[in-house]
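In order, the protein sequence lines correspond to chains D and B.
Residue numbering for the first sequence follows the numbering used here, beginning at 429 and increasing consecutively.
Residue numbering for the second sequence follows the numbering used here, beginning at 47 and increasing consecutively.
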Amino acid sequence: GEDVEQSLFLSVREGDSSVINCTYTDSSSTYLYWYKQEPGAGLQLLTYIFSNMDMKQDQRLTVLLNKKDKHLSLRIADTQTGDSAIYFCAEIGKGSTLGRLYFGRGTQLTVWP
Amino acid sequence: DAGVTQSPTHLIKTRGQQVTLRCSPKSGHDTVSWYQQALGQGPQFIFQYYEEEERQRGNFPDRFSGHQFPNYSSELNVNALLLGDSALYLCASSSPGQGGNVLTFGAGSRLTVL
Numbered sequence: 429g430e431d432v433e434q435s436l437f438l439s440v441r442e443g444d445s446s447v448i449n450c451t452y453t454d455s456s457s458t459y460l461y462w463y464k465q466e467p468g469a470g471l472q473l474l475t476y477i478f479s480n481m482d483m484k485q486d487q488r489l490t491v492l493l494n495k496k497d498k499h500l501s502l503r504i505a506d507t508q509t510g511d512s513a514i515y516f517c518a519e520i521g522k523g524s525t526l527g528r529l530y531f532g533r534g535t536q537l538t539v540w541p
Numbered sequence: 047d048a049g050v051t052q053s054p055t056h057l058i059k060t061r062g063q064q065v066t067l068r069c070s071p072k073s074g075h076d077t078v079s080w081y082q083q084a085l086g087q088g089p090q091f092i093f094q095y096y097e098e099e100e101r102q103r104g105n106f107p108d109r110f111s112g113h114q115f116p117n118y119s120s121e122l123n124v125n126a127l128l129l130g131d132s133a134l135y136l137c138a139s140s141s142p143g144q145g146g147n148v149l150t151f152g153a154g155s156r157l158t159v160l
């Protein structure tokens, strides 16, 4: 099946930028997603990018997509302590219907004051 | 506008028992997907329901079954519970006609099997 890889931990100081990286396997993925999960909570969609785009910006969030290397990144500008959470990268796999996503294990982001 | 609601939020069962989890999709959504999230892992797709039928299934045994009702709400049933079934079960809803590429998740039902 599809394999989405993420580094498990990232630690940054408040006010700095955070960059969370992800690699995926299915070159035919049409959509790629970033979700946020706070302790004891469900998943909150942060942003998504369509595969014909290289970049998408939404306020403090910037998503970069490198289809050649199958690499996706999420940059959070001016990171705040409230951004501390687990961030999941996900793709829609080949032949999958909408609604079937393949997730990475998540990156635990810790923001220090 | 209520989002996706799930019940119960927490429950404890013993091995061999059966459990039913419930999900109400976001208003306007007609498709429900279920995911299992074990501790320290990303969510894994169990199955998806649309028009009261299972449309796609992940790599889960037949002990996992589901149902969708005419009002689009859904149930997940797990029979003969194993310790390894302990996890957070997430329901997500979407609508092909309304940006179906975007899933809205509920807060989940945390199942502990003793």
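For glycine and all other residues, C-beta sits at the position ideal for the given N, C-alpha and C.
Does DSSP put residue i in a helix, a strand or coil?
i                : result
Thr150 (chain B) : strand
Thr458 (chain D) : coil
Gly429 (chain D) : At Gly429 (chain D), the pLDDT of 48 sits below 50, so the modelled position is not reliable and the matter cannot be decided from this model.
Leu129 (chain B) : helix
Thr51 (chain B)  : strand
Thr509 (chain D) : helix
Gln487 (chain D) : coil
Leu136 (chain B) : strand
Ala84 (chain B)  : coil
Asn117 (chain B) : coil
Leu160 (chain B) : coil
His56 (chain B)  : strand
Of the residues the options, which one's Cα is nearest the Cα of residue i?
i                : options                                : result
Pro116 (chain B) : B:Arg156, B:Pro54, B:Thr77, B:Gln52    : B:Thr77
Glu433 (chain D) : D:Pro541, D:Glu519, D:Leu537           : D:Glu519
Leu471 (chain D) : B:Leu160, B:Gly104, B:Ser155           : B:Ser155
Phe93 (chain B)  : B:Gln87, B:Phe110, B:Gln83             : B:Phe110
His113 (chain B) : B:Cys69, B:Val50, B:Thr60              : B:Cys69
Glu99 (chain B)  : B:Gly88, B:Thr60, B:Tyr118, B:Leu85    : B:Tyr118
Asp431 (chain D) : D:Cys517, D:Pro541, D:Trp540, D:Ser512 : D:Cys517
Leu460 (chain D) : D:Gln536, D:Trp540, D:Gly532, D:Pro541 : D:Gly532
Lys59 (chain B)  : B:Phe151, B:Gly152, B:Ala126, B:Asn147 : B:Ala126
Trp462 (chain D) : D:Lys484, D:Trp540, D:Gly443, D:Thr509 : D:Lys484
Between residue i and residue j, is the Cβ-Cβ spacing less than 8 Å?
i                : j                : result
Ala138 (chain B) : Leu149 (chain B) : yes
Ile448 (chain D) : Leu502 (chain D) : yes
Gln90 (chain B)  : Tyr81 (chain B)  : yes
Val159 (chain B) : Ser141 (chain B) : no
Thr458 (chain D) : Lys498 (chain D) : no
Thr475 (chain D) : Leu489 (chain D) : yes
Gly152 (chain B) : Thr51 (chain B)  : yes
Leu436 (chain D) : Gln536 (chain D) : yes
Val539 (chain D) : Glu466 (chain D) : no
List, in chain order, every chain D residue whose beta-carbon is nearer than 9 Å to that of residue i.
i                : result
Gly154 (chain B) : Gly468, Ala469, Gly470, Leu471
Phe106 (chain B) : In chain order: nothing, as chain D lies at least about 13 Å away.
Ser71 (chain B)  : For the record, residue 71 (chain B) in the displayed sequence is Pro; it is not Ser. None at all; the shortest Cβ gap to chain D is about 11 Å.
For residue i, which residues does DSSP report across the bridge?
i                : result
Arg441 (chain D) : D:Trp540
Phe478 (chain D) : D:Tyr459
Asn123 (chain B) : B:Thr66, B:Ser111
Phe106 (chain B) : Its beta-bridge partners do not exist; DSSP assigns none.
Leu500 (chain D) : D:Cys450, D:Leu493
Lys464 (chain D) : D:Gln472, D:Tyr515
Anything in chain B within Cβ reach of residue i, meaning under 7 Å, just list it in chain order.
i                : result
Pro516 (chain D) : Just to set this straight, residue 516 (chain D) is Phe in the shown sequence, not Pro. Here the neighbours are Gly88.
Gly510 (chain D) : Neighbours of Gly510 (chain D) on chain B: none; closest Cβ ~18 Å, over 7 Å.
What residues from chain B crowd round residue i, counting only those whose CB sits closer than 9 Å?
i                : result
Tyr459 (chain D) : Asn147, Val148
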